[in-house]
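Enquirer: Sequential numbering from 31 applies to the sequence shown in my numbering.
Glycine is no exception: its CB is placed at the ideal position from the N, C-alpha and C atoms.
Please find one structure pasted underneath; my questions will follow.
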Amino acid sequence: MSLSKEEIIKLANLAKLQLSPEEVKIFKDQLTDILGYIDQLKKLDLADTKISLSGAEEIDHQLRLDMVAESQPDTINQAYELKDNYLVSPGVFKK
Numbered sequence: 031m032s033l034s035k036e037e038i039i040k041l042a043n044l045a046k047l048q049l050s051p052e053e054v055k056i057f058k059d060q061l062t063d064i065l066g067y068i069d070q071l072k073k074l075d076l077a078d079t080k081i082s083l084s085g086a087e088e089i090d091h092q093l094r095l096d097m098v099a100e101s102q103p104d105t106i107n108q109a110y111e112l113k114d115n116y117l118v119s120p121g122v123f124k125k
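Here it is in structure tokens:
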């Protein structure tokens, strides 16, 4: 599939880009190559391919146990603010 010069200019206008005539030619060539690659992908036979969003559905996910542990002394010493031996951080939610 090939794009015309006018289509490239229209796409550039939609993207609020001002392209020089040289850039129009560069983008025309690049977008034509990209669309050609997409046409190749469309021809692939994916009938036997399992649909996956992450590719990790078959991995046995073992979650670690939550365990309470004391902070390392170095962590405590680097704290910006401490209150009753707890680290204080800026609020996340607005009141």
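Among the candidates L49, Y116, D59 and A45, whose CA atom is the shortest distance from the CA of L33?
Expert: Here residue 33 corresponds to residue number 3 of the sequence shown, with the count starting at 1. Taking only the C-alpha atoms, the option nearest L33 is D59.
Enquirer: In terms of residue numbering, what span does the alpha helix (DSSP H) encompassing I36 cover?
Expert: Taking the first residue of the sequence shown as position 1, residue 36 is located at position 6. It is worth fixing the name first, because residue 36 is Glu in this sequence and not Ile. Per DSSP, E36 belongs to the alpha helix (DSSP H) from K35 to L44.
Enquirer: Have a look at E52 and T62 and give me their C-alpha separation to the nearest angstrom.
Expert: Along the sequence shown, read from residue 1 onward, the residue named residue 52 stands at position 22. Along the sequence shown, read from residue 1 onward, the residue named residue 62 stands at position 32. Cα to Cα, the separation comes out at about 15 Å.
Enquirer: Quick one: grab the DSSP three-state call for L47.
Expert: Mapped onto the sequence shown, residue 47 falls at position 17. Coil, per DSSP.
Enquirer: Going by C-alpha distance, which of I89, K46 and M31 is nearest D69?
Expert: Working through the sequence shown from its first residue, we reach residue 69 at position 39. Cα-wise, what sits closest to D69 is M31.
Enquirer: Can you pull the DSSP bridge partners for K113?
Expert: Here residue 113 is taken as the residue at index 83 of the sequence shown, counted from 1. For K113, which the question treats as bridged, DSSP gives the partners Y116.
Enquirer: Beta-carbon within less than 8 Å of A109's beta-carbon, same chain only, minus the 5 sequence neighbours each way: which residues are those?
Expert: The count along the sequence shown starts at 1 and reaches residue 109 at position 79. Same-chain partners within the cutoff: L117 and V118.
Enquirer: Quick one: what does DSSP say I64 is sitting in, helix, strand or coil?
Expert: Taking the sequence shown and counting its residues from 1, one reaches residue 64 at position 34. Helix at I64.
Enquirer: With DSSP run on the structure shown, which of helix, strand or coil describes I81?
Expert: If you number the sequence shown from 1, residue 81 lands on position 51. I81: coil per DSSP, three-state reduction.
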